[in-house]
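Student: My structure is below; once you've seen it, I'll send some questions.
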Amino acid sequence: MDWCLKRIWPTFCLAVALVAVGCPGCKNRSQRTVNVVGSTSIQPFAELLAGELHKKAPDLEIDVQGGGSTAGIQALATGIADIGTCSRSLSAEETKLYKGIVIARDGLAVVVHQDNPIDGLTRQQIQDLFSGKITNWRDVGGRDMKVRPISREEGSGTREAFTKLVMDKVRVARSALTQESNGAVKELVRGDPGAIGYMSLGLSGGLKCLSIDGVAPSTSAVTSGQYPLVRPFLFVVRGACRPEAQRFIDFVLSSEGQRLLESEGLVKVQ
Amino acid sequence: MKRERIISVVLAVVAMSGIAGLALITAYIFKEGLPVIARVGLKNFLLSRDWYPLEGHFGIFSMIVGSLAVTLGAMIIGGLLGLSWAVVLTQFCPRRLVGVLKPAIELLAGIPSVVYGFMGAMILVPWIRQHLGGPGLSVLAASVVLGIMVLPTVTSISVDALRAVPRSYRDGSIALGATRWQTTYMVILKAAKSGILASMILGMGRAIGETMAVIMVAGNPLDLPHGILDPVRTLTSNIALEMGYASGEHRAALFATGVILFVIIMILNTLALAVSSKRAGKAGAR
């Protein structure tokens, strides 16, 4: 051991070099696997579709991962993903680089606790509740109770859709709780009588969804365009994609894939 | 002989790769994070409460306060419990029982943090909401969960420190007519002071760095907490919450948050080392 103590620096540098060089080597991926990365709102639906397609075409491996809409587009940019999933509209810059394929539309549900007597709100009221302008449920006709808005983290597709559709240019209050997934928001709203949150209509089962501007959220109201809070679910690709990835996209857009999405509470596009 | 040498070189390289990893991570975090701090200004970055990353406002004051509040709470709960455990285990406990209790506490360290978070979110948070008010997700909930998580660290290092006190101190104190509690309180705890302090500081390092469990029970708003029932966002949860989505400047700002966290933890660990080596120095002089 004496020998290396004398030459500790060269050994150390060699080790640094080995660790640093080792990383780019891990890029080897199976060519047969289609990587789908992105929105946590789309993830459960994409997994379901991937599972269905895998049953029909066992040679096709589809790997679905979450991470978020923006992360999905980043993964697409770095070549990690074949398909990025995105639960908001693409920005102008993104539209130039990528092609967004609308696979379904999703209503954005505004949810409250089961015992909350409020059945519906206007978009303005929801904005005020989330911006902190209204802090007591009494002011919108409810019980005398503190309002606890629950938002999603910065960069979430659901948050961006909500911000665009409801908040306009107004900021969500600093005091709003921030949860990192639809599931966490759901759990919180289910337990807290003063809570108000928002999430994908398809995932809001078991919670009380409010009518917005007098329209109750339902698949038919979303299809007809009456329900005001609707966002697209996108598959994002870079120009031409591998035939395996194309096969998955074709399946999702086929009548079978669309029927599956519809049965899960989304609104079909084909 | 030649073979000996080859083996020793190979083993040295493997061992060094661990430190190499640390060096690379450090260099990378600083390389990514420092430009943002330089651009925003250190003072602004540390003391502004405006965190609107998509609009270019990067201020992490609320999160620094959040991290400190949660860590302090965890140390009050975990430190007190851990030290009490250590005293009981070393002074007032039959040897056979120690053999059962000490491993049991150390087993706590093996439970994944997401399990603590889950238990906290499912049991503790609703309990706080119903009985104490507020949203439940709070400084208090995070402190309790973290307090339990630092228990094994604090307990086992404190136990070692208390055991290292020479038996003659104890015998001497008893011989002077002190009771067992007086001996523990006035002699043993004083003699083991620096070791206990080191255990607290290491526990703090663990508490301030914990992420998953905190995200699940702290609520993570951008606001400063005004009481222990208010929700709070810590430095670690800020990084973990937004990392998946962040790009460009926002991502760099999260690395900058990491730089601050890194510096805080480095200070804590250096303190712990300094404190415990002071103890070792004293022991050597004895």
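Going line by line, the protein sequences match chains A and B. In terms of the working numbering, the first sequence opens at residue 202 and continues consecutively. In terms of the working numbering, the second sequence opens at residue 9 and continues consecutively. Backbone N, C-alpha and C define an ideal beta-carbon position, used for all residues, glycine too. If you're wondering where the values come from, they're calculated on a predicted model, not measured in any experiment.
(1) Say whether the segment 234-243 of chain A touches the segment 215-222 of chain B, bearing in mind that this needs 3 or more beta-carbon pairs closer than 8 Å, one atom from each stretch.
(2) How do the segment 199-217 of chain B and the segment 35-53 of chain B stand: do at least 3 beta-carbon pairs fall below 8 Å, yes or no?
(3) Would you call B/V78 buried or exposed, if buried means 16 or more other Cβ atoms sit within 10 Å of its Cβ?
(4) Should the segment 416-424 of chain A be called in touch with the segment 307-321 of chain A, which here means at least 3 C-beta pairs below 8 Å?
(5) For the beta strand (DSSP E) holding A/N236, just list the boundary residues, first then last.
(6) Taking all protein chains shown into account, do 16 or more other C-beta atoms lie within 10 angstroms of the C-beta of A/P225, making it buried, or fewer, making it exposed?
(7) Within this structure, are the beta carbons of B/G86 and B/I156 separated by less than 8 Å?
(8) Based on DSSP bridge pairs, tell me the residues matched to A/T555.
(9) Within a Cβ cutoff of 7 Å, which residues of the same chain sit near B/V147, ignoring the five residues on either side of it in sequence?
(10) Tell me where the alpha helix (DSSP H) around B/V73 begins and ends.
(11) May I ask you to verify whether the segment 187-194 of chain B touches the segment 89-106 of chain B, counting CB pairs closer than 8 Å and requiring at least 3?
(12) In angstroms, rounded to a whole number, what distance separates the CA positions of B/S56 and B/G67?
(13) May I ask you to report which of helix, strand or coil DSSP gives A/G437?
(14) Might you give, ordered along the chain, the residues of its own chain that have their beta carbon closer than 7 Å to the beta carbon of B/T242, omitting 5 neighbours on each side?
(15) Would you report the Cα separation of A/G426 and A/V468, rounded to the nearest angstrom?
(16) On a Cα-Cα basis, can you pick out the residue from A/S464, A/A446, A/S456 and A/Q315 that is closest to A/A258?
(17) Given B/N52, which residues of its chain have a CB within under 7 Å of its CB, disregarding the five upstream and five downstream residues?
(18) If you draw a straight line from the C-alpha of B/I216 to the C-alpha of B/G118, how long is it?
(19) Quick check on B/H258: buried or exposed, where buried means 16 or more other Cβ atoms within 10 Å of its Cβ?
(20) Quick check on the DSSP output: what are the complete alpha helix (DSSP H) runs of length 4 or more inside the segment 126-214 of chain B, in order along the chain?
(21) Is the segment 324-339 of chain A touching the segment 373-390 of chain A, taking contact as three or more C-beta pairs under 8 Å?
(22) Please list, in chain order, the chain B residues whose beta carbon lies closer than 7 Å to that of A/S242.
(23) Let me know if A/M202 comes out buried or exposed under the rule of 16 or more other beta-carbons within 10 Å of its beta-carbon.
(24) Candidates B/A20, B/L19, B/I15 and B/H65: which alpha carbon is nearest A/E355's?
(25) So, is the C-beta of A/G226 closer than 8 Å to a C-beta in chain B?
(26) At a Cβ cut of 7 Å, what residues of the segment 349-363 of chain A count as close to chain B, listed as they run along the chain?
(27) Which value, in whole angstroms, describes the spacing of the CA atoms of B/S245 and A/L366?
(28) If you reduce the DSSP assignment to three classes, tell me which class B/S92 lands in.
(29) Nearest to B/V158 by CA position, among B/L116, B/R178, B/V18 and B/S181, is which residue?
(30) Residue range of the alpha helix (DSSP H) that A/G458 falls in?
(31) A/T271 touches chain C at which residues, Cβ-Cβ below 7 Å?
(32) Can you check which of these residues, B/S166, B/L132 and B/F270, is closest to B/A150 by C-alpha distance?
(33) Tell me, please, whether the segment 340-355 of chain A touches the segment 394-403 of chain A by the rule of three or more beta-carbon pairs shorter than 8 Å.
Tutor: With the structure as the only source:
(1) no
(2) no
(3) Numbered from 1 along the second sequence, position 70 holds the residue referred to as residue 78 of chain B. When all chains shown are included, B/V78 counts as buried.
(4) yes
(5) Position 35 of the first sequence, counting from 1, holds the residue named residue 236 of chain A. Boundaries of the beta strand (DSSP E) around A/N236: T234 to G239.
(6) Residue numbering aside, residue 225 of chain A sits at position 24 when the first sequence is read from its first letter. Residue placement at A/P225 cannot be trusted, given a pLDDT of 48 that sits under 50; the coordinates are not used to answer.
(7) Along the second sequence, one-based indexing puts residue 86 of chain B at 78. Along the second sequence, one-based indexing puts residue 156 of chain B at 148. Closer than 8 Å, so yes.
(8) Nothing in the structure corresponds to residue 555 of chain A, since chain A is present only between 202 and 471.
(9) Counting from 1 along the second sequence, the entry for residue 147 of chain B is found at position 139. Within the same chain, B/V147 has close Cβ partners A77, V78, G81, P233, I236, D238 and V240.
(10) On the second sequence, residue 73 of chain B is found 65 positions in, with the first residue counted as 1. For B/V73, the uninterrupted alpha helix (DSSP H) segment begins and ends at F69 to A82.
(11) yes
(12) For this step, residue 56 of chain B is matched to residue 48 along the second sequence. For this step, residue 67 of chain B is matched to residue 59 along the second sequence. If you take the alpha carbons of B/S56 and B/G67, they lie about 4 Å apart.
(13) For the purposes of this step, residue 437 of chain A is taken as the residue at position 236 of the first sequence. According to the sequence provided, residue 437 of chain A is Val. The question's Gly does not apply to it. In this structure, A/V437 counts as strand in the three-state DSSP scheme.
(14) Taking the second sequence and counting its residues from 1, the one referred to as residue 242 of chain B is at position 234. Result list for B/T242: M71, G74, S75, V78, V222 and A226, in chain order.
(15) Reading the first sequence from its first residue, position 225 is the one you call residue 426 of chain A. Reading the first sequence from its first residue, position 267 is the one you call residue 468 of chain A. Rounded to whole angstroms, A/G426 to A/V468 spans 11 Å at the Cα level.
(16) Along the first sequence, read from residue 1 onward, the residue named residue 258 of chain A stands at position 57. Of the candidates A/S464, A/A446, A/S456 and A/Q315, the one whose C-alpha sits nearest the C-alpha of A/A258 is A/A446.
(17) On the second sequence, residue 52 of chain B is found 44 positions in, with the first residue counted as 1. G67, listed in sequence order.
(18) One-based indexing of the second sequence puts residue 216 of chain B at position 208. One-based indexing of the second sequence puts residue 118 of chain B at position 110. About 18 Å.
(19) To locate residue 258 of chain B, count along the second sequence from 1; it is residue 250. Taking every protein chain shown into account, the CB of B/H258 has 16 or more other CB atoms within 10 angstroms, so this residue is buried.
(20) 133-139, 147-171, 175-183 and 188-191
(21) yes
(22) Here residue 242 of chain A is taken as the residue at index 41 of the first sequence, counted from 1. Result: empty, since nearest Cβ-Cβ is about 13 Å, beyond 7 Å.
(23) As a first step, residue 202 of chain A must be located in the first sequence, where it is residue number 1. Legend: pLDDT at A/M202 = 48, less than 50; position of this residue unreliable, value from coordinates given subsequently. Classification of A/M202: exposed, given that the 10 Å Cβ count is below 16.
(24) On the first sequence, position 154 is the one that residue 355 of chain A refers to. Closest by alpha carbon: B/H65.
(25) Counted from its first residue, the first sequence places residue 226 of chain A at position 25. Any reading at A/G226 must be qualified, since the residue scores a pLDDT of 43, below 50, and its modelled position is unreliable; the value itself is stated next. No - not a single Cβ of chain B is within 8 Å of the one on A/G226.
(26) Closer than 7 Å at the C-beta level to chain B, one finds these residues of the segment 349-363 of chain A: R349, E354, E355, G356 and S357.
(27) The residue given as residue 245 of chain B occupies position 237 in the second sequence. The residue given as residue 366 of chain A occupies position 165 in the first sequence. Our two residues, B/S245 and A/L366, have alpha carbons roughly 27 Å apart in a direct line.
(28) As a position in the second sequence, residue 92 of chain B is number 84, starting the count at 1. Looking at B/S92 - three-state DSSP - the assignment turns out to be helix.
(29) Taking the first residue of the second sequence as 1, we reach residue 158 of chain B at position 150. Among B/L116, B/R178, B/V18 and B/S181, the Cα nearest to that of B/V158 is on B/L116.
(30) The residue given as residue 458 of chain A occupies position 257 in the first sequence. Boundaries of the alpha helix (DSSP H) around A/G458: S456 to S464.
(31) In the structure shown, chain C cannot be found, because the protein chains are A and B.
(32) What you label residue 150 of chain B is simply residue 142 of the second sequence in a count that begins at 1. Per the Cα distances, B/L132.
(33) yes
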